[in-house]
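A.B. asks:
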Amino acid sequence: MKCTVGVACLGMEGKKSIKESLMRKIIFISFVSLLLVTCTQAPQSVRRIKVSDYVDKMQAGWVGQMVGVGWGGPTEFKWTGQIIPEEAMPEWQPHMVNQFGQDDIYVEMTFLRTLEQYGFDVDIRQAGIDFANSKYMLWHANRAGRDNLRAGIAPPFSGHPQFNSHADDIDYQIEADYAGLISPGMPQSAIDLGEIFGRLMNYGDGLYGGQFVAGMYAEAFFENDIETIILAGLACIPAQSQYHEAITDVLNWYQENPDNWQITWELIEAKYQDNPEYRKFSCSGANSDFNIDAKINGAYIVMGLLYGKGDPDQTVIISTRCGQDSDCNPSNAAGVLFTTIGFANLDEKFTSAINPEPKFSYTDYNFPGLIDVCESLARQAVQRAGGAVELDENNNEWFMIPVQSPKPSQFEQCWDAAPVTRDVNFTEEEMQQITVRVRKPEEFVRSWQIAGPYQQAGLQGNALFDVEFPPENKDAQVKWQSLPPGEDGYVQPIVPLDRIYDTTHAAAYMKTQFRSDSTRPATLEIGSDDGVKVWLNDELVHALNIQRGVNPGEDKVDVTLKEGWNDLLLKVTQGEGGWGAVLCIVDEKNKAITDLEFKN
Numbered sequence: 001m002k003c004t005v006g007v008a009c010l011g012m013e014g015k016k017s018i019k020e021s022l023m024r025k026i027i028f029i030s031f032v033s034l035l036l037v038t039c040t041q042a043p044q045s046v047r048r049i050k051v052s053d054y055v056d057k058m059q060a061g062w063v064g065q066m067v068g069v070g071w072g073g074p075t076e077f078k079w080t081g082q083i084i085p086e087e088a089m090p091e092w093q094p095h096m097v098n099q100f101g102q103d104d105i106y107v108e109m110t111f112l113r114t115l116e117q118y119g120f121d122v123d124i125r126q127a128g129i130d131f132a133n134s135k136y137m138l139w140h141a142n143r144a145g146r147d148n149l150r151a152g153i154a155p156p157f158s159g160h161p162q163f164n165s166h167a168d169d170i171d172y173q174i175e176a177d178y179a180g181l182i183s184p185g186m187p188q189s190a191i192d193l194g195e196i197f198g199r200l201m202n203y204g205d206g207l208y209g210g211q212f213v214a215g216m217y218a219e220a221f222f223e224n225d226i227e228t229i230i231l232a233g234l235a236c237i238p239a240q241s242q243y244h245e246a247i248t249d250v251l252n253w254y255q256e257n258p259d260n261w262q263i264t265w266e267l268i269e270a271k272y273q274d275n276p277e278y279r280k281f282s283c284s285g286a287n288s289d290f291n292i293d294a295k296i297n298g299a300y301i302v303m304g305l306l307y308g309k310g311d312p313d314q315t316v317i318i319s320t321r322c323g324q325d326s327d328c329n330p331s332n333a334a335g336v337l338f339t340t341i342g343f344a345n346l347d348e349k350f351t352s353a354i355n356p357e358p359k360f361s362y363t364d365y366n367f368p369g370l371i372d373v374c375e376s377l378a379r380q381a382v383q384r385a386g387g388a389v390e391l392d393e394n395n396n397e398w399f400m401i402p403v404q405s406p407k408p409s410q411f412e413q414c415w416d417a418a419p420v421t422r423d424v425n426f427t428e429e430e431m432q433q434i435t436v437r438v439r440k441p442e443e444f445v446r447s448w449q450i451a452g453p454y455q456q457a458g459l460q461g462n463a464l465f466d467v468e469f470p471p472e473n474k475d476a477q478v479k480w481q482s483l484p485p486g487e488d489g490y491v492q493p494i495v496p497l498d499r500i501y502d503t504t505h506a507a508a509y510m511k512t513q514f515r516s517d518s519t520r521p522a523t524l525e526i527g528s529d530d531g532v533k534v535w536l537n538d539e540l541v542h543a544l545n546i547q548r549g550v551n552p553g554e555d556k557v558d559v560t561l562k563e564g565w566n567d568l569l570l571k572v573t574q575g576e577g578g579w580g581a582v583l584c585i586v587d588e589k590n591k592a593i594t595d596l597e598f599k600n
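In the numbering used here, the protein residues as written are 1 to 600.
(1) If you drop the 5 nearest sequence neighbours on each side, which residues of the same chain put their C-beta closer than 8 angstroms to that of L391?
(2) For G553, which of helix, strand or coil comes out of DSSP?
(3) Going by alpha carbons, who is nearest to N332 out of W79, D529, M303?
(4) Have a look at the DSSP bridge pairing and note the partners of M400.
(5) Between A167 and A179, is the Cβ-Cβ spacing less than 9 angstroms?
(6) Taking the alpha-carbon positions, what's the I29 to D249 distance?
(7) Distance check for S518 and K511, CA to CA, integer angstroms please.
(8) Look up A507 in the DSSP assignment and give the residues it is bridged to.
(9) Under a three-way DSSP split, which group does G194 fall into?
(10) Going by beta-carbon coordinates alone, are H601 and A353 separated by less than 9 angstroms?
(11) So, at 7 angstroms on beta carbons, what are the nonlocal neighbours of Y501 in its own chain, with the 5 sequence-adjacent residues on each side left out?
(12) May I have the straight-line CA-CA distance separating R515 from W579, to the nearest angstrom?
(13) So the alpha helix (DSSP H) G81 belongs to, where does it begin and stop?
(14) What's the gap between the Cα of G64 and the Cα of P521?
(15) Check the Cβ-Cβ distances between D103 and every residue of chain C, and say whether any is below 9 angstroms.
(16) For a test of the three-state rule: what should DSSP assign to T523, helix, strand or coil?
(17) Taking the straight line between their C-alpha atoms, what separation do you get for F598 and I301?
(18) Taking the C-alpha atoms as reference points, what is the distance between D192 and L138?
(19) Is it buried or exposed, G70, if we count other Cβ atoms within 10 angstroms and call 16 or more buried?
(20) Rounded to whole angstroms, what is the Cα-Cα separation between V534 and P471?
(21) If you reduce the DSSP assignment to three classes, tell me which class F350 lands in.
(22) If you follow the alpha helix (DSSP H) that I341 is in, where does it begin and where does it stop?
(23) Work out the CA separation of P276 and Q413 for me, nearest whole Å.
(24) Taking the C-alpha atoms as reference points, what is the distance between W448 and L483?
(25) If you follow the alpha helix (DSSP H) that S409 is in, where does it begin and where does it stop?
(26) Between which two residues does the alpha helix (DSSP H) holding F426 run?
(27) So which of I247, W261, M216 has the shortest CA-CA distance to T340?
(28) Could you have a look at Q92 and say whether DSSP puts it in helix, strand or coil?
(29) In whole angstroms, give me the CA-to-CA distance for A418 and C374.
(30) Buried or exposed, going by whether 16 or more other CB atoms sit within 10 Å of the CB of F411?
(31) May I have the straight-line CA-CA distance separating D259 from K309, to the nearest angstrom?
(32) What is the DSSP secondary structure of D498, reduced to helix, strand or coil?
(33) Would you tell me roughly how many angstroms separate the C-alpha atoms of I226 and N133, rounded to the nearest one?
(34) Using the beta-carbon count (16 or more within 10 Å), is G119 buried or exposed?
(35) If you draw a straight line from the C-alpha of A42 to the C-alpha of P74, how long is it?
(36) Which residues in the same chain as Y208 place their Cβ atom closer than 6 angstroms to its Cβ, once the five residues preceding and following it in sequence are excluded?
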């Protein structure tokens with residue numbers, strides 16, 4: 001007798017709440033997994049896939065990502081806290097597949113390049129150096145993590161919530177597709193890649209979202225049933241995490257309402273959008289309509305997969321219409337589904353216009369080159385896992401992949417993270433390899449008082465820029481709140497006004513006082529989200545009415561510091577989403593002035 005069953009153990013602990021039909025599936029999978037373990041005459045059970053079939057499915061997975069982000073792109077964050085109207089859903093056009101300039105696609109190729117150069121045993125610090133040297137624009141957890149790396153904070157601390165206020169955001173979830181696409185049938189490989197690349201920018205649920213997505217991809221090479229694929233992804237993350245809870249909730253609600261996705265959307269909204277207990281580390285605050293937390297957006301991925309019922313169009317449309325990050329979520333959902341279908345079986349409307357020539361932005365890969373590097377890495381992954389590539393009687397190559405029982409990463413929560421007390425910095429030798437630098441956290445002004453929020457009926461963020469609120473009047477009574485580091489979530493140089501005030505269409509003020517030993521020239525390096533005005537010693541020295549994210553040092557203002565005490569005042573406006581500011585005072589040699597005495 002030879003054990004030939006090839007189904008991975010999914011680790012079903014914690015699924016008791018799922019409805020009876022789902023329970024039958026779990027019992028079956030658990031039985032098969034037990035059979036694999038106890039089958040004594042086959043020392044190691046394997047999953048087999050012809051290499052050409054693997055390539056066909058992997059190629060389809062990339063197409064799915066491109067289709068999802070291209071189709072949903074025009075809607076991104078235009079509907080937050082509401083379902084996108086059916087008539088607002090773009091119509092698919094074949095040329096929309098060519099998403100070579102989409103950051104939701106090309107960022108993960110940085111990780112592929114690191115693996116191509118250094119292999120699967122690459123040290124996380126080398127992965128951090130490579131990510132620090134990337135040239136593209138980034139946002140949220142990616143941005144904060146890369147800024148930390150460039151400032152000398154090494155991974156995994158670059159993604160730790162003590163240094164990264166976006167650690168629960170969606171970022172690694174967006175870009176984790178690569179990890180599953182090069183790990184066919186190998187959930188542990190998908191998890192381990194998250195421990196290297198996901199920790200550059202994320203922690204806790206932010207990390208688990210990526211490992212869940214990668215785990216679904218890994219299973220999609222061998223399984224077509226969507227619920228089984230989702231359960232395989234869940235087996236890759238801690239069962240006690242809120243992320244696991246969110247996906248399990250969607251599975252339950254789908255069983256209760258299998259034909260009405262909008263009822264399930266309302267249930268998700270009530271728990272993961274409106275309940276502050278599930279937004280404890282939401283970068284935009286617990287009450288903001290804008291929500292880039294991994295949990296709710298992960299729920300929208302699963303919504304598309306479940307209610308799409310295997311139909312590519314409906315999978316993308318439903319995931320998109322859930323709103324929030326409505327290009328990334330359908331990209332993940334379509335990527336997983338398309339992997340189950342395979343490139344050869346895709347509708348031509350998704351494949352006919354693919355241009356094989358252009359390179360994805362900031363990479364050396366065109367589409368055929370991307371497929372080649374993924375095949376090469378998958379071969380390495382199979383052999384690294386103890387598998388092999390074998391030939392059949394017709395000289396067809398087959399991946400022989402040992403069955404893996406996934407062991408999730410340690411359980412952790414961003415809002416309850418243990419403080420980091422050890423040295424977190426890169427060595428000087430490592431820093432020499434980083435070609436782009438940002439200032440260290442201690443070089444920014446970190447002693448502030450704040451006042452706000454100030455609003456005026458009928459006026460949105462930009463319109464408040466020239467409205468004079470009490471802090472601009474020296475004789476007005478203003479209630480200032482001291483904000484030293486470590487309080488009210490202020491653990492990074494960027495003052496998180498969005499977390500402190502948790503509102504939209506408003507203005508807030510920040511002030512500090514510092515003493516200079518001499519009269520001297522200086523430059524104020526300012527970053528703000530959104531517009532900013534700056535007064536130094538009651539003189540307006542800078543004004544920029546703009547909508548943007550915080551980019552430290554984006555604005556540079558030459559000033560003269562006077563001997564003695566100097567007064568610095570900032571006004572920062574807010575439309576929607578993020579809200580904050582950061583400032584550094586530097587000398588003529590572009591070095592941070594560190595001998596200033598602050599008080600607030």
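Cβ coordinates follow ideal geometry from the N, Cα and C atoms, glycine included.
C.D. replies: Walking through what the data contain:
(1) Hits under 8 angstroms: E397, W398.
(2) DSSP places G553 in coil when its eight states are reduced to three.
(3) With distances taken between Cα atoms, N332 lies closest to M303.
(4) DSSP, once it has assigned bridges, lists R48, A388 as partnering M400.
(5) Result no, Cβ atoms of A167 and A179 do not sit closer than 9 angstroms.
(6) Confidence at I29 is low in this model, with a pLDDT of 41, below 50, so its placement is unreliable and the value that follows should be read with caution. Spanning the alpha carbons of I29 and D249 requires a straight line of approximately 20 angstroms.
(7) In this structure, the straight-line span from the alpha carbon of K511 to that of S518 is close to 21 angstroms.
(8) Answer by DSSP bridge pairing, in chain order: Y454, T573.
(9) Reduced to three states, the DSSP call for G194 is helix.
(10) Any answer about residue 601 is impossible in this case: the structure gives the chain only from 1 up to 600.
(11) Result list for Y501: G452, P453, A508, in chain order.
(12) So the alpha carbons of these two residues sit roughly 28 angstroms apart.
(13) Taken as a continuous stretch (DSSP letters only), G81 belongs to no alpha helix (DSSP H), as it is neither H nor E.
(14) The alpha-carbon of G64 is positioned some 54 angstroms away from that of P521.
(15) The structure shown contains no chain C; it holds only a single protein chain.
(16) It is a strand residue.
(17) Taking the straight line from one Cα to the other gives about 47 angstroms.
(18) Roughly 24 angstroms between the two C-alpha positions.
(19) When all chains shown are included, G70 counts as buried.
(20) CA-to-CA, the gap between V534 and P471 works out to about 12 angstroms.
(21) Here F350 sits in helix by DSSP.
(22) Taken as a continuous stretch (DSSP letters only), the alpha helix (DSSP H) holding I341 covers 328-341.
(23) About 15 angstroms.
(24) W448 and L483: Cα-Cα distance of roughly 5 angstroms.
(25) Element bounds for S409: n/a, residue is neither H nor E.
(26) If you look at F426, you'll find it isn't in any alpha helix (DSSP H); DSSP assigns it neither H nor E.
(27) Among I247, W261, M216, the Cα nearest to that of T340 is on M216.
(28) One point to set straight first is that residue 92 is Trp, not Gln, in the sequence displayed. W92: coil per DSSP, three-state reduction.
(29) Whole-angstrom Cα-Cα distance: 36 angstroms.
(30) Exposed, since its Cβ has fewer than 16 Cβ neighbours within 10 Å.
(31) Approximately 10 angstroms between the Cα atoms of the pair.
(32) If DSSP states are grouped into helix, strand and coil, D498 belongs with the helices.
(33) A straight-line Cα-Cα distance of about 38 angstroms links I226 and N133.
(34) Burial is judged here by how many other beta carbons sit within 10 angstroms of a residue's own beta carbon; G119 has fewer than 16 and is exposed.
(35) For A42, the predicted model reports a pLDDT of 43, less than 50, meaning its position is unreliable and no value from the coordinates is stated.
(36) Result list for Y208: I237, S241, Y243, in chain order.
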